[in-house]
Amino acid sequence: GGGGGGGGGGGGDVLFAAVDGTVPSAAGGGGGGVKVTYNLPAKWTASGPNLYLDTSEGVNAPVASRISAYVLPGPADPKTLQRAASIGVSKALGVAAASALVGYDVPKLAKADLVSGRKRSGNDNDDNGGDQASYYEFDLAAAPATCSGKSSADLGLGFCPYDSIALLGATIAGDGRMYVICVECDDAMWRRGNADLKRVRSSFRVEVAE
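Just so you know, we're using the UniProt record's numbering here: the sequence shown kicks off at 1 and counts up by one.
Below, the structure written as structure tokens:
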């Protein structure tokens, strides 16, 4: 399941958002329930003050700063996801609209570099054979506007190294709405657990009741 605690709703621009918590089985109202899920690694803490702590021997440190999911009002245009790289990922996925409920750093995400993007089928994972939806995944990396002090990471070239990463996943479900997950971490967390972070993002599933 997802993490513990958290949740929210309301607002005309975003139908529903959940932050660091299990997303309820019915989201966004309307007819029929929508089940939104993602899975955390068993070695991560899923609740309490030390959320997303990798308890593996030799690690015992946080690997994610926030995991959020939200749904935008429909109907969504599939071309929006197909063209997200040219539109701008944060704009295409409605990050600014969701920020009222989640608290994203919208300017930073808007300026973030798109490191990679891919499309996958919902049945890519063995345990989700019935999910035929297409999921679009985007890796964003952002640098601070100014660097504090001299950092060896800037290679002496004067630019600031990336200090935050956002792994986004989005799909347009059977109800015509766009559902989004955002897994956020800093550079140290990324070095610690990037493979696990990507697995959390790829476990994102949206099921619409028939």
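The beta carbon of each residue, even a glycine, is placed where N, CA and C say it ideally should be.
Identify every residue that forms a DSSP beta bridge with residue i.
| i | result |
| --- | --- |
| Glu137 | Arg118 and Gly169 |
| Arg66 | Glu184 |
| Val71 | Phe16 and Tyr179 |
| Ala61 | Asp54 |
| Ser164 | Ala142 and Asp186 |
Which stretch, first to last residue, makes up the alpha helix (DSSP H) that contains residue i?
| i | result |
| --- | --- |
| Lys35 | Here Lys35 belongs to no alpha helix (DSSP H); instead the beta strand (DSSP E) covers Val34 to Thr37. |
| Val19 | Note, Val19: premise wrong, no alpha helix (DSSP H); beta strand (DSSP E) at Phe16 to Val19. |
| Pro144 | Looking at the DSSP string, Pro144 is not in any alpha helix (DSSP H), and its letter there is neither H nor E. |
| Thr45 | Counting along the chain, Thr45 falls outside any alpha helix (DSSP H), and DSSP gives it neither H nor E. |
| Leu93 | Looking at the DSSP string, Leu93 is not in any alpha helix (DSSP H), and its letter there is neither H nor E. |
Three-state secondary structure (DSSP) at residue i?
| i | result |
| --- | --- |
| Leu53 | strand |
| Ala209 | coil |
| Asp113 | strand |
| Asp77 | coil |
| Ser203 | coil |
| Pro107 | helix |
| Gln132 | coil |
| Asp127 | Note that Asp127 scores 49 on pLDDT, short of 50, meaning its location in the model is unreliable and no value can be drawn from it. |
| Leu193 | Here the sequence assigns Gly to residue 193, which means Leu is not the residue at that position. Reduced to three states, the DSSP call for Gly193 is helix. |
| Leu40 | coil |
| Val23 | Residue placement at Val23 cannot be trusted, given a pLDDT of 46 that sits under 50; what the coordinates show is reported in the next sentence. Coil. |
If I'm right that residue i touches residue j with Cβ under 8 Å, what's the distance once you round it to whole angstroms?
| i | j | result |
| --- | --- | --- |
| Ile165 | Cys182 | With 8 Å as the limit, Ile165 and Cys182 do not qualify as a contact, their Cβ atoms being about 11 Å apart. |
| Gly176 | Ala64 | Not quite, the Cβ-Cβ distance comes to about 30 Å (not below 8 Å), so this is no contact. |
| Lys111 | Tyr136 | That belief does not hold up - the Cβ atoms of Lys111 and Tyr136 are roughly 20 Å apart, past 8 Å. |
| Val34 | Arg66 | Incorrect: roughly 22 Å between the Cβ atoms, too far for contact. |
| Lys198 | Leu167 | 6 Å |
| Val102 | Asp139 | With a Cβ gap of about 19 Å, Val102 and Asp139 do not count as contacting. |
| Leu40 | Val206 | That pair is no contact at about 17 Å. |
| Gly117 | Ala133 | Between Ala133 and Gly117 the Cβ distance is about 17 Å, and since that is not below 8 Å, they are no contact. |
| Tyr38 | Phe159 | With a Cβ gap of about 33 Å, Tyr38 and Phe159 do not count as contacting. |
| Ala92 | Thr80 | 5 Å |
Using 7 Å as the cut-off, classify the Cβ of residue i as near or not near the heavy atoms of the ligand HEM, replying yes or no.
| i | result |
| --- | --- |
| Lys119 | Only the bare structure without any ligand can be found here, which leaves the ligand HEM out of the picture. |
For residue i, which residues of its own chain have a beta-carbon under 6 Å away from its beta-carbon, when the five flanking residues on both sides are left out?
| i | result |
| --- | --- |
| Tyr70 | Val14, Ala17, Ala98 and Val180 |
| Lys108 | Ala142 |
| Ile172 | Ala76, Pro78 and Met178 |
| Asp113 | Ala141 |
Kindly indicate if chain C contains any beta-carbon less than 8 Å away from that of residue i.
| i | result |
| --- | --- |
| Gly193 | Annotation note: the requested chain C is absent from the structure, which comprises a single protein chain. |
Within its chain, find whatever has a CB closer than 7 Å to the CB of residue i; leave out the 5 residues flanking it on each side and keep chain order.
| i | result |
| --- | --- |
| Gly193 | Asp54 and Val63 |
| Tyr162 | Ala141, Ala142, Ala143 and Asp187 |
| Val59 | Arg192 |
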